[in-house]
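Step one of this worksheet: look at the structure below.
There are 2 protein chains.
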Amino acid sequence: MKTKAIFYHAGCPVCIAAETQFANALDPTRYDVEVVHLGQAKARVAEAERAGVKSVPALRLEGDIFHINYGASIEALR
Amino acid sequence: MKTKAIFYHAGCPVCIAAETQFANALDPTRYDVEVVHLGQAKARVAEAERAGVKSVPALRLEGDIFHINYGASIEALR
Numbered sequence: 057m058k059t060k061a062i063f064y065h066a067g068c069p070v071c072i073a074a075e076t077q078f079a080n081a082l083d084p085t086r087y088d089v090e091v092v093h094l095g096q097a098k099a100r101v102a103e104a105e106r107a108g109v110k111s112v113p114a115l116r117l118e119g120d121i122f123h124i125n126y127g128a129s130i131e132a133l134r
Numbered sequence: 057m058k059t060k061a062i063f064y065h066a067g068c069p070v071c072i073a074a075e076t077q078f079a080n081a082l083d084p085t086r087y088d089v090e091v092v093h094l095g096q097a098k099a100r101v102a103e104a105e106r107a108g109v110k111s112v113p114a115l116r117l118e119g120d121i122f123h124i125n126y127g128a129s130i131e132a133l134r
């Protein structure tokens, strides 16, 4: 069974670079990657915050959050 | 041909978590992942700095640097 990975971003240039090179680099045989644009999916900001996302882009992998570089603070997306 | 990815770290807990879950999540059919412990391989600190590494853990992927969370500043490893 594949593990779900969620890539949270906000459409910023830093986010796009991370998505293009990073989220796509994950092993597709092991991970189902969902890409969530928090600027467009406002309803999911609270979910991301509860999971521990402090800034975007961020990758949620098996319950852990990895903040990748820095695009925008989660507060700016509420 | 596989792309080389370099995971720079310094043995800190943040680094180890990122290595275990993150570097290992990359697609092994597309990436050859080299793990470099900058605390032990001091000679490679300059290489990492030239590539743009500001802190560890960091992943170098096709010329771009992705800083993942924050373990230690590169200055602390010189």
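Residue numbers (the numbering used here), protein chains in the order written: chain A, 57 to 134; chain B, 57 to 134. Don't be surprised by glycine CBs; every beta carbon is placed ideally from N, CA and C.
1) Extract the residue ranges of the alpha helix (DSSP H) inside the region 57–132 of chain A, only unbroken runs of 4 or more that lie entirely within it.
2) Take the Cβ of Glu75 of chain B as the centre, count every other Cβ of all protein chains shown within 10 Å, and call the residue buried at 16 or more, exposed below.
3) Cutting at 6 Å between CB atoms, please list the residues of its own chain near Tyr64 of chain A, excluding the five before and the five after it.
4) Keeping to the same chain, check which residues put their C-beta closer than 8 Å to that of Leu133 of chain A; ignore five residues upstream and five downstream.
5) By alpha-carbon positions, which one of A:Val89, A:Ala128, A:Leu82 and A:Arg86 ends up nearest to Val89 of chain B?
6) With the cut-off set at 7 Å, would you say Ile124 of chain B and Phe78 of chain A are in Cβ contact?
7) Taking only beta carbons into account, state which residues of the region 106–129 of chain B come closer than 7 Å to chain A, listed in chain order.
8) Would you call the CB atoms of Arg106 of chain A and Ile62 of chain A closer than 7 Å?
9) As a quick exercise: from B:Cys71, B:Ala73 and B:Thr85, pick the residue whose alpha carbon is nearest that of Lys60 of chain B.
10) Just checking my contact of Asp120 of chain A with Ala73 of chain B at CB under 8 Å: how many whole Å lie between their CB atoms?
11) Quick one: list the residues of chain B neighbouring Tyr87 of chain A, beta-carbon separation under 7 Å, in chain order.
12) So that I know if they touch, is there some Cβ in chain B lying closer than 7 Å to that of Phe63 of chain A?
The short version:
1) Counting whole runs of 4 or more residues, the region 57–132 of chain A contains the alpha helix (DSSP H) stretches 69–77 and 101–107.
2) Classification for Glu75 of chain B: buried.
3) Short of 6 Å from the beta carbon of Tyr64 of chain A, and not among the five residues preceding or following it, lie these beta carbons of its own chain, in chain order: Val92, Leu94, Ala104, Val109, Val112 and Ala114.
4) Only Ala66, Leu94, Gly95, Lys98, Val101 and Val112 meet the Cβ criterion.
5) Minimum Cα distance to Val89 of chain B is reached at A:Leu82.
6) Not in contact: Ile124 of chain B and Phe78 of chain A (Cβ atoms no closer than 7 Å).
7) If you check each beta-carbon in the region 106–129 of chain B against every beta-carbon of chain A, the ones closer than 7 Å belong to Leu117, Glu118, Asp120, Phe122, His123, Ile124 and Asn125.
8) A distance of 7 Å or more separates the beta carbons of Arg106 of chain A and Ile62 of chain A.
9) When each option's Cα is compared against that of Lys60 of chain B, the closest is B:Thr85.
10) In this structure, Asp120 of chain A and Ala73 of chain B form a Cβ contact; the two beta carbons are roughly 7 Å apart against a cut-off of 8 Å.
11) Residues of chain B passing the Cβ test: Ala81.
12) Chain B has no Cβ within less than 7 Å of the Cβ of Phe63 of chain A.
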